[in-house]
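Chains as they are written, first to last, in the numbering used here: chain R, 540 to 643; chain Z, 540 to 643. Cβ atoms here follow ideal geometry from the backbone N, Cα and C, with glycine treated the same way.
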DNA sequence: GGTTGACACCTAGTAGTAATAGGTATACAT
DNA sequence: ATGTATACCTATTACTACTAGGTGTCAACC
């Protein structure tokens, strides 16, 4: 079923909210909630490991930042990440279309 | 993320292709392929366990049949299965809408 | 001064799906 | 006899997402 689409739902969301600029983990959770109109409220235990995974895969890069005494790790898309975002979004669309056809 | 939606993608496909009548496992694989316009080619190792799971959950019922010397197990939706199909389809739609919003 | 809540990160363990990669058996055509 | 389509079954594995904790900073309030 080529189910990286399924498995990668969180991944594509993370890549997508970073498309307009960098953000740290906690903020990424908020962005996903906002941009999905409240539908996706990702647990931190889901997001942090996913971010490491994406960084290990070369799709994200990060740096440490300190703001108001609080440490943050700020993530941004790499070139590969941007490419992957496009690919995964297309995959999502194909998947979505197929589900639509099957469930019609 | 309420990810039964994700996890249940195969389940809702199986329920859906049975909405117009009963079918056996091998045929169900074909129906999913046809109705998804070729996009979903489920492995038998995915489908059979899923059918057992759905039967154990009371969403499907089955009977044995012999046609041309070949044994088949024919599945049909139960009332609960039909209800679940409606519920899962709605869930899929909400999920799909949210993904659409987030990836827009 | 202590408590609460928001901010911010981290990780070990678990449940569960889907894929992999086999296996068995019948019928029919070549 | 061999191959192909039909038809079912299952053990193992990889991987995701979730659960359920933990650490620490800062600001506000009582």
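Practice task
Indicate the three-state DSSP secondary structure (helix, strand or coil) for residue 617 of chain R in the structure shown.
Solution key: Looking up residue 617 of chain R in the first chain gives position 78. DSSP places residue 617 of chain R in coil when its eight states are reduced to three.
Practice task
Taking only beta-carbon positions, decide if residue 593 of chain Z is within less than 7 Å of chain R.
Solution key: In the second chain, residue 593 of chain Z corresponds to position 54, counting from 1. With 7 Å as the cut-off, residue 593 of chain Z does not count as an interface residue toward chain R.
Problem - chain R contacts from the segment 607–638 of chain Z (Cβ-Cβ distance under 8 Å) - result: Of all residues in the segment 607–638 of chain Z, 628, 631, 633, 634, 635, 636, 637 and 638 have a Cβ within less than 8 Å of some Cβ in chain R.
Exercise for the section: Could you check which residue in Z/558, Z/585, Z/615 and Z/637 has the C-alpha nearest to that of residue 568 of chain Z? Expected result: Residue numbering aside, residue 568 of chain Z sits at position 29 when the second chain is read from its first letter. If we check each option's Cα against that of residue 568 of chain Z, Z/585 comes out closest.
Problem - Close-in-space but distant-in-sequence residues of the same chain around residue 668 of chain Z (CB under 7 Å, 5 per side omitted) - result: Look at the range of chain Z in this structure, 540 to 643, and you will see that residue 668 of chain Z is not part of it.
Exercise for the section: Note down, one range per segment and in chain order, each alpha helix (DSSP H) of at least 4 residues found wholly within the segment 560–609 of chain Z. Expected result: Runs found: 564–574 and 583–595.
Practice task
Using a cut-off of 8 Å between C-beta atoms, extract the partners of residue 598 of chain R located in chain Z.
Solution key: In the first chain, the residue the question calls residue 598 of chain R occupies position 59. Per Cβ cutoff of 8 Å: no residues; residue 598 of chain R is ~16 Å from chain Z at best.
Problem - Residues that residue 555 of chain R contacts on chain Z, provided the C-beta gap is smaller than 8 Å - result: Taking the first residue of the first chain as position 1, residue 555 of chain R is located at position 16. The CB of residue 555 of chain R comes closer than 8 Å to the CB of 641 and 642 in chain Z, given here in chain order.
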